[in-house]
Ligand SMILES: Cc1cc2nc3c(=O)[nH]c(=O)nc-3n(C[C@H](O)[C@H](O)[C@H](O)COP(=O)(O)OP(=O)(O)OC[C@H]3O[C@@H](n4cnc5c(N)ncnc54)[C@H](O)[C@@H]3O)c2cc1C
Ligand code: FES
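Numbering (our numbering), first residue to last: 308 to 602.
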């Protein structure tokens, strides 16, 4: 069972369905894991902000695949890009099953899916993340700072940001993950916890507002991923201050390639009678401009 999934309507033509082998897994925080799957064709093509669907091929509970964002790509001992890393929190059936997997186990994976983040522009790129919503930003930051070139054909940036800041909010210290990876990539990490157990006490949205108010720290562009209420606040703040802002939605998805319409979101559309229209988050998204979304 491997090959293109492009026969299906709306599907990304280069997406492939493959059997991927577990290379390694490590626990990085409470209920939080980094999993590396060997799937060379997907790893070579995928770009920051894109995702893939993962399904257990050995059973039917859960029957459907689940979406996960690219954390980063990894190379074989010979130096060829051949694997994808992703970070996940255990919340239900598939993530519980994944947390018990061992090297050599297999999963069905299809991707790369979705539009991913746009090429960043120059200046100060601020990444605002809540909870496990930080995972797409490692690849975004590494690409923006020239540490890695993703995609096939390779996506080359015309303009590079001068600096990249990650404002990262979690509930408590025991859920903080991947900070060392972000710092090693040259990203300035600013942390908040809801209970004050690590970093600043409070919500991550305050860090964005402070940066805007400071003048010299004002972001030129904002990318955001996390719980929907937090993304709505970030989007509103950026629109109010005329800062381009892109939100990566985590809408529940059944197929991931445009066939089932389980993932639709409302986008402003001046041509429609209602002033808005439905778009599929898995194909037209999951990344949308904040000023186009109705959350
Ligand atoms: C584009 C995209 C990228 C994602 N990337 C990541 C990632 O990198 N890491 C990660 O940990 N998670 C990510 N998610 C969320 C992830 O897909 C869900 O956590 C996963 O589907 C849970 O599967 P499960 O079988 O373990 O849980 P289930 O048994 O399906 O559900 C457990 C509980 O979680 C709720 N739930 C399931 N999916 C979602 C969702 N999308 N939003 C809100 N509640 C949900 C269910 O309603 C239920 O209450 C992403 C989602 C999308 C759409
Ligand atoms: S998940 Fe099926 S159309 Fe988007």
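No residue lacks a Cβ here, since even glycine has one placed at the ideal position from N, Cα and C.
| Item | Value |
| --- | --- |
| Where the beta strand (DSSP E) through residue 436 begins and ends | 430-437 |
| Under the three-state DSSP convention, the category residue 489 falls into | helix |
| Closer than 6 Å to ligand 1: residues, by C-beta to nearest heavy atom, in chain order | 358, 369, 373, 374, 375, 376, 393, 394, 395, 396, 398, 399, 400, 401, 402, 439, 442, 557, 558, 559, 560, 593 |
| Reduced DSSP category for residue 586 - H, G, I as helix; E, B as strand; rest coil | strand |
| Neighbourhood of residue 410 by C-beta distance below 7 Å, restricted to the same chain and skipping five residues each side | 329, 330, 331 |
| Cβ shell of residue 350 (< 7 Å), same chain only, five flanking positions each side left out | 380, 388, 389, 390, 391 |
| Alpha helix (DSSP H) segments (min. 4 residues) lying fully within the segment 470-518 | 486-491 |
| Alpha carbon of residue 532 to alpha carbon of residue 432, nearest angstrom | 14 Å |
| Residue 351 - DSSP class collapsed to helix/strand/coil | helix |
| beta-carbon residue 569 near ligand 2 non-hydrogen atom, thresh 8 Å | yes |
| Residue 324 CB to nearest heavy atom of ligand 2 below 8 Å | no |
| Residue 564 Cβ short of 8 Å to ligand 2 heavy atom set | yes |
| Complete runs of the alpha helix (DSSP H) confined to the segment 372-403 [at least 4 residues] | none |
| Three CB pairs or more closer than 8 Å across the segment 444-464 and the segment 491-508 | yes |
| Opposing strand residues paired with residue 531 [DSSP bridges] | 435, 554 |
| Distance between beta carbons of residue 394 and residue 353, contact taken as under 8 Å | 15 Å between Cβ atoms; not a contact. |
| Ligand 2 heavy atom lying under 8 Å from the CB of residue 456 | no |
| Residue 363, buried or exposed, once every other Cβ within 10 Å from all chains shown has been counted against 16 | buried |
| Among 588, 414, 602, nearest to residue 570 - alpha-carbon criterion | 588 |
| Rounded straight-line distance, which links the Cα of residue 465 to that of residue 373 | 34 Å |
| Proximal residues to residue 288 (C-beta, below 8 Å), its chain only, five neighbours per side dropped | Any property of residue 288 remains undetermined from this structure, which presents the chain solely from 308 to 602. |
| Burial state of residue 316, where buried means 16 or more other Cβ atoms lie within 10 Å | Model confidence at residue 316 stands at a pLDDT of 47, short of 50, so the residue's coordinates are unreliable; what they give is reported in the following sentence. Exposed, since its Cβ has fewer than 16 Cβ neighbours within 10 Å. |
| Beta carbon of residue 484 nearer than 9 Å to that of residue 550 | no |
| Residue 447 - containing alpha helix (DSSP H), residue span | 443-451 |
| Proximity of residue 428 and residue 527 at Cβ, strictly below 9 Å | yes |
| C-beta atoms of residue 540 and residue 512 nearer than 9 Å | yes |
| Beta-carbon gap between residue 605 and residue 584 smaller than 9 Å | The structure shown has nothing for residue 605, since the chain only spans 308 to 602. |
| Among 580, 463, 472, nearest to residue 425 - alpha-carbon criterion | 463 |
| Proximity of residue 530 and residue 444 at Cβ, strictly below 9 Å | yes |
| Burial state of residue 345, where buried means 16 or more other Cβ atoms lie within 10 Å | buried |
| Terminal residues of the beta strand (DSSP E) in which residue 332 lies | 323-336 |
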